[in-house]
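In full-length UniProt numbering, the protein residues as written are 1 to 486.
Using N, Cα and C, we set each Cβ at its ideal position, and we do this for glycine too.
To start, the structure under review is shown below, and the notes come after it.
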């Protein structure tokens, strides 16, 4: 009977750097190191026993003759990932993998890449390829490009792009006739890649994720339907344009790829209205829109370091108190409106877990259109229009909500999903969205976008099902206006 581990289909094997360097104070560390290296050699010698392996991830191992021969002997291996591995043997039998990934810890785009080809994976069966920040990324591309066969089955490609193998990368794309998904993980280019990508390259591209300034080059003339531009500009700091013009860049991308139905982008809050307007103009059939909202600093960000504690002033008695296991009975009010100096008496605190003292949970048998209901039967009517003047260039999240509710922005009319998550840091003096803000935003969007069924704002997600919008965390509901006369 075989050992149970021999039946494993997936392994993740990681080693440590030199034990001698990490623990020089241990008297017998040299002996420990030798034993450890013996175990590593044993791993290479016995890996071939595990014939059921289909997925293998190796971190900080040396790919020598023994280990490479062991990989070749794994007849069912489909996926191989090499992280920070030292690849000594650069040629030999090509592994018929469906997925190959190579990268390193703390991946940083590296111009000092190894130039000699790394022949390790066969291009014929390969479906997914990820080249992330390893010095051998260009070497893998070189080997695949020099091979007589094309990557005719490759559908997904992720890469960290640098000057040293940029031209090689473009040549490789011409050998990928079935590529559907391209992701530029990071890019540190000195300048543009050229005026256009040859028509023979990636003719079936459907999804692009990468830097804003590289998007038009890759998507032009391709049937791209999904686009994510949250990857920065694509160029080194000294080569970036002095003025960031996201609106102009989006217009260029829209002309290059007019059939986008799903779009994502990181956006500063003052730019959001313009970005939504241009996306609506360029892609009127857009179904899904996601903007990662970033605040602009009118004041320093809130940091934990603002809490000033002088360690030298701690007395011995204070240190003893640190070990006291008595319960701290202090509390912090984390309700939507608590302590924020904008009272809204109609809205009750939203509770995240049942409280036995609150009585029977509400079953929502009858819902009045536009009203908000908590799981405890608390009801809030539709909010009154905001009296705060809306801004065409909002500076905060709540300003942005006011601008939407004041009809200062035009959304794509067929929009089904609108996601507006918020990134850190949160700046001092900026108030978070309240329950009332969520209430009026959902109702405003529903009136204007009848096909909308998902709204995300900050850290709350609302989904519409039948006659109500439901907060997926708290269970709070907003009765739909659709079908009502209100």
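Residue range of the alpha helix (DSSP H) that includes residue i
i           : result
residue 272 : 272-282
residue 32  : 29-46
residue 186 : From DSSP, residue 186 is part of no alpha helix (DSSP H) but of the beta strand (DSSP E) over 181-187.
residue 145 : 137-146
residue 253 : 246-256
residue 435 : 435-448
When the options are compared against residue i, the one with the closest alpha-carbon
i           : options               : result
residue 218 : 188, 261 and 174      : 174
residue 439 : 38, 68, 471 and 233   : 471
residue 122 : 92, 407 and 132       : 92
residue 406 : 393, 415, 413 and 414 : 393
residue 414 : 232, 139, 447 and 478 : 447
residue 258 : 130, 39 and 285       : 285
residue 164 : 176, 137, 143 and 181 : 137
residue 126 : 118, 151 and 283      : 151
residue 514 : 275, 33 and 454       : Any answer about residue 514 is impossible in this case: the structure gives the chain only from 1 up to 486.
residue 452 : 480, 458 and 433      : 480
residue 47  : 26, 33 and 7          : 7
residue 372 : 66, 43 and 437        : 437
residue 129 : 146, 160 and 117      : 160
residue 68  : 29, 118, 262 and 26   : 118
residue 227 : 221, 236, 212 and 235 : 212
Length of the line joining the Cα atoms of residue i and residue j
i           : j           : result
residue 158 : residue 386 : 46 Å
residue 417 : residue 461 : 11 Å
residue 482 : residue 450 : 8 Å
residue 475 : residue 291 : 25 Å
residue 473 : residue 435 : 13 Å
residue 358 : residue 377 : The predicted model places residue 358 with a pLDDT of 45, which falls under 50 and marks its position as unreliable, so this point remains unresolved.
residue 419 : residue 194 : 34 Å
residue 444 : residue 268 : 22 Å
residue 85  : residue 62  : 6 Å
residue 484 : residue 464 : Below a pLDDT of 50, predicted positions are generally treated as unreliable, and residue 484, at 48, falls in that range; the measurement from the model is reported next regardless. Rounded to the nearest angstrom, the two C-alpha atoms are 15 Å apart.
residue 287 : residue 99  : 31 Å
residue 10  : residue 214 : 36 Å
residue 379 : residue 289 : 31 Å
residue 381 : residue 293 : 29 Å
residue 23  : residue 196 : 54 Å
residue 270 : residue 399 : 9 Å
residue 182 : residue 170 : 12 Å
residue 266 : residue 233 : 11 Å
residue 466 : residue 133 : 47 Å
residue 25  : residue 162 : 41 Å
residue 375 : residue 478 : 11 Å
Boundaries of the beta strand (DSSP E) in which residue i is found, first to last residue
i           : result
residue 172 : First-last for residue 172: 166-173, but that is the alpha helix (DSSP H), not the beta strand (DSSP E).
residue 479 : 477-479
residue 13  : 10-14
Per DSSP, the bridge partner or partners of residue i
i           : result
residue 83  : 59 and 103
residue 463 : 454 and 470
residue 405 : Looking at the DSSP assignment, residue 405 forms no beta bridge with any residue, so it has no partner.
residue 290 : 264 and 419
residue 228 : 209 and 264
residue 159 : 131 and 184
residue 373 : 379 and 477
residue 235 : 189
residue 72  : In the DSSP output, where bridge partners are listed per residue, residue 72 has none listed.
residue 95  : 121
Distance cut-off 7 Å: residue i Cβ against heavy atoms of the ligand SAH
i           : result
residue 463 : Inclusion of the ligand SAH in the displayed structure is not the case, the ligand content being empty and no account of it being possible.
Checklist entry - At a cut of 8 Å, does the segment 43-62 reach the segment 72-84 through at least three beta carbon pairs? => result Touching, yes.
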